[in-house]
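From first to last, the protein sequence lines are chains U and B. Counting in this note's numbering, the first sequence runs from 1 upward without gaps. Counting in this note's numbering, the second sequence runs from 226 upward without gaps. A virtual CB, placed ideally from N, CA and C, is assigned to each residue, including glycine. Everything numeric in this text was worked out from a predicted model, so none of it was measured. Everything on this sheet refers to the single structure shown next.
2 protein chains.
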Amino acid sequence: MKDGPNISEIASLIGDPARANMLTALMDGRALTASELASQAGVTRQTASTHLAKLADGDLLVREVQGRHHYFRLSGEDVAEALEVLMGVAAKRSGVRTRTGPKDPALRKARRCYDHLAGEMAVRMLDKMVSNGWLDQTSDSLKVTCEGRTALHAIGVDVDGMGVSRRPFTKLCLDWSMRRPHLAGRLGQAILSQILANGWAQPDKNSRAVSFTPAGERKYLEWLS
Amino acid sequence: MKDGPNISEIASLIGDPARANMLTALMDGRALTASELASQAGVTRQTASTHLAKLADGDLLVREVQGRHHYFRLSGEDVAEALEVLMGVAAKRSGVRTRTGPKDPALRKARRCYDHLAGEMAVRMLDKMVSNGWLDQTSDSLKVTCEGRTALHAIGVDVDGMGVSRRPFTKLCLDWSMRRPHLAGRLGQAILSQILANGWAQPDKNSRAVSFTPAGERKYLEWLS
DNA sequence: TTCATAGTTCGATCTTAACCGAAGCATGTC
DNA sequence: GACATGCTTCGGTTAAGATCGAACTATGAA
Numbered sequence: 001m002k003d004g005p006n007i008s009e010i011a012s013l014i015g016d017p018a019r020a021n022m023l024t025a026l027m028d029g030r031a032l033t034a035s036e037l038a039s040q041a042g043v044t045r046q047t048a049s050t051h052l053a054k055l056a057d058g059d060l061l062v063r064e065v066q067g068r069h070h071y072f073r074l075s076g077e078d079v080a081e082a083l084e085v086l087m088g089v090a091a092k093r094s095g096v097r098t099r100t101g102p103k104d105p106a107l108r109k110a111r112r113c114y115d116h117l118a119g120e121m122a123v124r125m126l127d128k129m130v131s132n133g134w135l136d137q138t139s140d141s142l143k144v145t146c147e148g149r150t151a152l153h154a155i156g157v158d159v160d161g162m163g164v165s166r167r168p169f170t171k172l173c174l175d176w177s178m179r180r181p182h183l184a185g186r187l188g189q190a191i192l193s194q195i196l197a198n199g200w201a202q203p204d205k206n207s208r209a210v211s212f213t214p215a216g217e218r219k220y221l222e223w224l225s
Numbered sequence: 226m227k228d229g230p231n232i233s234e235i236a237s238l239i240g241d242p243a244r245a246n247m248l249t250a251l252m253d254g255r256a257l258t259a260s261e262l263a264s265q266a267g268v269t270r271q272t273a274s275t276h277l278a279k280l281a282d283g284d285l286l287v288r289e290v291q292g293r294h295h296y297f298r299l300s301g302e303d304v305a306e307a308l309e310v311l312m313g314v315a316a317k318r319s320g321v322r323t324r325t326g327p328k329d330p331a332l333r334k335a336r337r338c339y340d341h342l343a344g345e346m347a348v349r350m351l352d353k354m355v356s357n358g359w360l361d362q363t364s365d366s367l368k369v370t371c372e373g374r375t376a377l378h379a380i381g382v383d384v385d386g387m388g389v390s391r392r393p394f395t396k397l398c399l400d401w402s403m404r405r406p407h408l409a410g411r412l413g414q415a416i417l418s419q420i421l422a423n424g425w426a427q428p429d430k431n432s433r434a435v436s437f438t439p440a441g442e443r444k445y446l447e448w449l450s
């Protein structure tokens, strides 16, 4: 009878409607906060918290703490695959309903990640800032170089005038759509707010998307050139 | 939130340990009776019955009634695949334990199916009996031809002396390892008991396997030649 | 410092369902 | 006919866990 590994344990984790909704919301590999997942699942935050603890405990989800936010993502490709197969089985019986998937390309291009920029545009920015010699990676902290200071000043970010704070000045933040790091920390926040102040882009009202204007995008890329 | 089909429903069906054991026991595509599945799952027959009803209701299992036996098998390849994937996910976390799979080739070759023979040897027998003209398929009932009567008499089965009974004389029975029909009914029973009486084979004590002796197997195949 | 926000933990309620004994059917045997 | 066997249904108990209000912790903002 005890044939193979404990299949019922994970199946019962997926078997709760609230947890299943959370897992499907994460199927694209992005990471979402506990609150976002709570609303996705249609339960209160405290209920979601226990569900998420169970999912993380069962190694279906990975928790990543960032400030006061707790981000959750699927622990691996295999989990997504299992969900996909279960959807196939479920679809064949009862409702047909094929999987919808717009996946909002605007979000992939640029969005707010907490208070800094994420998405393609953000990943490209970090790449360029490093390759241009504006940032210098020593051990595990990023330092702004002299050239970087000048470049940032050119778009209105005054590094020297930013004062001191408990919050780290620069930090790397994994970008969930690109699966590569982008810039976070106080500097990341300052750059995003400057981008918005310059009128290069506007944050979307109803989502985390940030939409660049044509002119703004041109100036942004030119700055990074 | 309501993204895609109802994944949690089937996951919760698999999520119960007893049901998971039943499903894994059926993963090779064979059909097992309710009692066999009850002992596989380690629960009483009445508990197993409700579990099996739920699984059949959720279209994960198909029930096939044969006399007083209720056979259950997976409703499709996709179910087996889903179980396989879940095992993969479960194996990666917690216990490693790769899937064992002797799957007893003896059972595939020849076994008792209720009171008649099943497996490769049985499927081959039906094929030969039809192609030799011993059985004639009219509408949906099989009739023994004159040649068939002689051939059966040659190994000791007296068709004329079998009397009358409520039980159908010939019947087709789906062979779960071969996925093709074999001979059942009173004739099937008579042939198996004659095979045993002739000493061509012995039933295994602890399983449903039937093991042919080398000489018995030779004579059996010769008879069907 | 005080306040707000994001999450967790505790406690209590309440629904669900797994379980088995006992009784009821259906099928096959004698 | 009576009996045995395989399986299901009914009834009642019990255990698990999903849920949320309320209180608590931690981080960030003013």
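Can you list the residues of chain B that residue i reaches, using a CB-CB cut of under 7 angstroms?
{"i": "U:LEU92", "result": "Checking the sequence shown, residue 92 of chain U turns out to be Lys, not Leu. Result: ASP303."}
For a contact defined as C-beta to C-beta under 7 angstroms, what are the partners of residue i on chain U?
{"i": "B:GLY240", "result": "SER8, ALA11, SER12 and GLY15"}
Do we get a CB-CB distance below 9 angstroms when we pair residue i with the residues of chain B?
{"i": "U:LEU196", "result": "no"}
{"i": "U:ALA20", "result": "yes"}
{"i": "U:ALA82", "result": "yes"}
{"i": "U:LEU32", "result": "no"}
{"i": "U:LEU61", "result": "no"}
Examine the ligand SAM and report whether any of its heavy atoms sits within less than 8 angstroms of the Cβ of residue i.
{"i": "B:PRO242", "result": "Judged by which ligands are present, the structure shown has none, so any question about the ligand SAM falls away."}
Mind listing the chain B neighbours of residue i? Cutoff is C-beta to C-beta under 9 angstroms, in chain order.
{"i": "U:ASP57", "result": "Going along chain B, no residue has its Cβ under 9 angstroms from U:ASP57, so there is no contact; the nearest lies around 10 angstroms."}
Taking only beta-carbon positions, decide if residue i is within less than 9 angstroms of chain U.
{"i": "B:GLY249", "result": "Looking at the sequence provided, one finds Thr at residue 249 of chain B rather than Gly. Chain U contact via Cβ: present."}
{"i": "B:MET226", "result": "Low confidence applies here, because B:MET226 scores a pLDDT of 38, under 50, leaving its location unreliable and the question unanswered by this model."}
How many angstroms separate the CA atom of residue i from the CA atom of residue j?
{"i": "U:LYS92", "j": "U:MET121", "result": "40 angstroms"}
{"i": "U:THR44", "j": "U:ALA34", "result": "10 angstroms"}
{"i": "B:ASP429", "j": "B:ALA331", "result": "10 angstroms"}
{"i": "U:ILE191", "j": "B:ASP303", "result": "50 angstroms"}
{"i": "U:GLU217", "j": "U:GLY88", "result": "41 angstroms"}
{"i": "B:ALA426", "j": "B:LEU285", "result": "36 angstroms"}
{"i": "U:ARG108", "j": "B:LEU299", "result": "41 angstroms"}
{"i": "B:GLY413", "j": "B:LEU446", "result": "17 angstroms"}
{"i": "B:ILE235", "j": "B:VAL290", "result": "24 angstroms"}
{"i": "B:ILE232", "j": "B:ASP383", "result": "56 angstroms"}
{"i": "U:GLY15", "j": "B:SER436", "result": "43 angstroms"}
{"i": "B:ILE380", "j": "B:ASN423", "result": "8 angstroms"}
{"i": "U:GLY18", "j": "U:LEU55", "result": "One detail in the question is off: residue 18 of chain U reads as Ala in this sequence, not Gly. Approximately 11 angstroms between the Cα atoms of the pair."}
What residue range does the beta strand (DSSP E) around residue i cover?
{"i": "B:LEU285", "result": "From DSSP, B:LEU285 is part of no beta strand (DSSP E); its letter is neither H nor E."}
{"i": "U:VAL210", "result": "210-212"}
From what residue to what residue does the alpha helix (DSSP H) around residue i run?
{"i": "B:LEU251", "result": "From DSSP, B:LEU251 is part of no alpha helix (DSSP H); its letter is neither H nor E."}
{"i": "B:ALA347", "result": "345-356"}
{"i": "U:ALA201", "result": "Here U:ALA201 belongs to no alpha helix (DSSP H); instead the beta strand (DSSP E) covers 201-203."}
{"i": "B:THR375", "result": "371-379"}
{"i": "B:ALA236", "result": "232-239"}
{"i": "B:SER450", "result": "Neither: B:SER450 is in no alpha helix (DSSP H) and is coded neither H nor E."}
{"i": "B:GLY267", "result": "First-last for B:GLY267: undefined, no H or E at that position."}
{"i": "U:ALA31", "result": "Where U:ALA31 is concerned, there is no enclosing alpha helix (DSSP H), given that its DSSP letter is neither H nor E."}
{"i": "B:ALA335", "result": "No alpha helix (DSSP H) contains B:ALA335, which DSSP labels as neither H nor E."}
{"i": "U:GLY161", "result": "Per DSSP, U:GLY161 belongs to no alpha helix (DSSP H) and is neither H nor E."}
key: Whole alpha helix (DSSP H) elements within the segment 67-97 of chain U, 4-residue minimum   = 77-92
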